[in-house]
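Residue numbers for the sequence shown, in my numbering: 5 to 260.
For each residue, glycine too, the CB sits at the ideal point set by N, CA and C.
These numbers come from a predicted model, not from an experiment.
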Amino acid sequence: MDDLVIDAIREGLSGTRFSTVEVHESVDSTQAVLVREGGADGRVLVADHQTQGRGRSGRAWASPPGTSLLFSALLVGVEPAFAPLVSLQAGLSVALAIERLGPRPQLKWPNDVLIGGRKVCGVLGELAGGLVVVGVGLNVSQSRAQLPEGVDATSLALELEGFGGPPGFGGSPPKALRRDRLLVDVLRQLDRTLAAPDWLDDYRSRCATIGSRVRIQVPGDVVEGVAEAVASDGALVVDGRPLYAGDVIHLRAAGG
Ligand code: BTN
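(1) Please classify residue 248: is it buried, with 16 or more other beta-carbons within 10 angstroms of its beta-carbon, or exposed?
(2) Using DSSP's beta-bridge definition, name the partner residues of residue 24.
(3) Tell me, which residues are paired with residue 112 by DSSP?
(4) Taking C-beta to C-beta, are residue 230 and residue 250 nearer than 9 Å?
(5) Select from 252, 9, 48 and 256 the residue whose C-alpha is nearest the C-alpha of residue 138.
(6) Based on the DSSP secondary-structure assignment, which residues constitute the bridge partners of residue 296?
(7) So is the beta-carbon of residue 89 under 8 Å away from any non-hydrogen atom of the ligand BTN?
(8) Taking all protein chains shown into account, do 16 or more other C-beta atoms lie within 10 angstroms of the C-beta of residue 11, making it buried, or fewer, making it exposed?
(9) Can you tell me whether DSSP reads residue 193 as helix, strand or coil?
(10) Can you tell me whether residue 52 is buried or exposed? The criterion is at least 16 other CB atoms within 10 Å of its CB, across all chains shown.
(11) How big is the Cα-Cα spacing for residue 208 and residue 234?
(12) Is the closest heavy atom of the ligand BTN to the C-beta of residue 252 under 8 Å?
(13) Quick one, are the C-beta atoms of residue 134 and residue 60 less than 9 Å apart?
(14) Confirm, please, whether the CB-CB distance from residue 63 to residue 33 is below 9 Å.
(15) Under a three-way DSSP split, which group does residue 68 fall into?
(16) First and last residue of the beta strand (DSSP E) that includes residue 165?
(17) Are residue 81 and residue 188 close, meaning C-beta to C-beta below 9 Å?
(18) What is the DSSP secondary structure of residue 88, reduced to helix, strand or coil?
(19) Tell me the start and end of each unbroken alpha helix (DSSP H) in the region 118-146 that is at least 4 residues and wholly inside, in chain order.
(20) Leaving out five residues before and five after residue 69 in sequence, what residues of the same chain have Cβ atoms less than 7 Å from its Cβ?
(21) Between 91, 106, 94 and 88, which has its C-alpha nearest residue 160's C-alpha?
(22) Would residue 159 count as contacting chain D if we go by Cβ distances under 9 Å?
(23) Do residue 191 and residue 20 have their CB atoms nearer than 9 Å?
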């Protein structure tokens, strides 16, 4: 917990919409708490550990205590048509924050952040009574053995080894991998992205799904084809068909 210092977080986020931050040692799920309790625009809940972390499509999201940046943020007043875009904006904001550390992350539609094809961060967006709750789970200091099995996952510490950063296992994390600093960087970026008219261009230019042959599990169906574009409403266009939700598998680049 000594890399989640509340005063540093509040100071780093002053002047942004995310000025109401709480840090907890353990909660069931930062997402579940905000969905349950609601609150004012910009409320942020951070946890060192979650006992019932939630992933997309009803999956669990688990990580050893102290190894991940786990937070949810509440947004009030988002136009209903824009609500599905918030989780894309959150994924982009994580990618932009990571870029400043050296690696070149990519996005897998709708909002997974990948480094070298491996997932480093997952984002969960939910609508709760007109409020948008967006949750971020960023793998920070996990060793390979601490990452979930059967998923192509990575952590910032593993990826930063190639950029001269110490791995950060045991002892104090290197400065770039302090979770309070990462949280401030991601939320300051999200504050900018939410107001940026051209954010979708930045998203598209980092989206590895566009141009790939994909298989997508959508409710009641499996769609396979070439992902041509991400439309302005956030839909993934596969062989001319707009898809609004689903788990994507990248098969190979189109024509590859
Ligand atoms: C995914 O399945 O890729 C999305 C994972 C989202 C996990 C984060 S961790 C913080 C917040 N609280 C949760 O219970 N889930 C989200």
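Concretely, from the data shown:
(1) exposed
(2) Answer by DSSP bridge pairing, in chain order: 47.
(3) 116
(4) no
(5) The residue with the shortest Cα to Cα distance from residue 138 is 48.
(6) Nothing can be reported for residue 296, as the shown portion of the chain is limited to 5 through 260.
(7) no
(8) exposed
(9) helix
(10) buried
(11) 7 Å
(12) no
(13) no
(14) No, the pair does not count as a contact, with Cβ atoms beyond the cut-off.
(15) DSSP places residue 68 outside both helix and strand once states are collapsed to three, so it counts as coil.
(16) Note, residue 165: premise wrong, no beta strand (DSSP E); not H, not E.
(17) no
(18) helix
(19) Taken in chain order, the region 118-146 contains no complete alpha helix (DSSP H) segment of 4 residues or longer.
(20) 52 and 53
(21) 106
(22) Looking at the structure shown, chain D is missing, and only one protein chain is on hand.
(23) yes
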